[in-house]
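Quick note on numbering: UniProt numbering labels position 31 of the sequence shown as 31, and the sequence is numbered without any gaps.
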Amino acid sequence: WAREPWPLSLRVRSLCSATGETTAAYQVDEKTAEQARWEHASKETIKRTAKPCPRCRVPVEKHGGCMHMKCPQPQCQLEWCWNCGREWNRACMGDHWFDV
Numbered sequence: 001w002a003r004e005p006w007p008l009s010l011r012v013r014s015l016c017s018a019t020g021e022t023t024a025a026y027q028v029d030e031k032t033a034e035q036a037r038w039e040h041a042s043k044e045t046i047k048r049t050a051k052p053c054p055r056c057r058v059p060v061e062k063h064g065g066c067m068h069m070k071c072p073q074p075q076c077q078l079e080w081c082w083n084c085g086r087e088w089n090r091a092c093m094g095d096h097w098f099d100v
């Protein structure tokens with residue numbers, strides 16, 4: 001991670017535009033902020049590299065290879081097509097098994 005130009009542990013105050021009074025002050029914890037950024041980046045990566053299993057919706061990640069996927073959940077194990085999202089069948093194998 002690149003360091004932001006401002007300190008991560010900072011105090012934030014809000015200013016009431018109607019009265020000009022300062023309201024509540026908030027302390028931003030550096031470790032909590034770092035964890036939140038890490039979780040956000042992880043969720044964005046999952047959005048780009050994974051699709052939900054059509055049956056149980058668990059995220060399944062693909063790193064190359066053919067379009068034939070198998071859900072990693074022991075109770076699901078659905079074999080499905082990454083390209084069309086349907087249960088794996090001969091049409092998928094003949095039509096778009098190795099599509100990119």
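Even for Gly, the Cβ is constructed at its ideal location relative to N, Cα and C.
Given residue i as reference, the closest of the options once Cα atoms are compared
| i | options | result |
| --- | --- | --- |
| G64 | T49, Q73 and P74 | T49 |
| Q75 | C81, C92, R55 and A36 | R55 |
8 Å Cβ shell around residue i - same chain, five flanking residues per side excluded
| i | result |
| --- | --- |
| K78 | What sits at residue 78 in the sequence shown is Leu, not Lys. Hits under 8 Å: C53, P54, R55, C56, K70, C71 and E87. |
| residue 103 | Because the chain is modelled from 1 through 100, residue 103 falls outside the range shown and cannot be assessed. |
Neighbourhood of residue i by C-beta distance below 6 Å, restricted to the same chain and skipping five residues each side
| i | result |
| --- | --- |
| D29 | none |
Alpha-carbon to alpha-carbon, residue j and residue i
| i | j | result |
| --- | --- | --- |
| D95 | C66 | 12 Å |
| K31 | G85 | 39 Å |
| S42 | Q73 | 20 Å |
| A33 | W80 | 38 Å |
| E44 | R90 | 33 Å |
| H40 | P59 | 16 Å |
| I46 | Q35 | 16 Å |
Query - alpha helix (DSSP H) runs wholly inside the segment 29–98, at least 4 long, in chain order - result: 30–49 and 90–96
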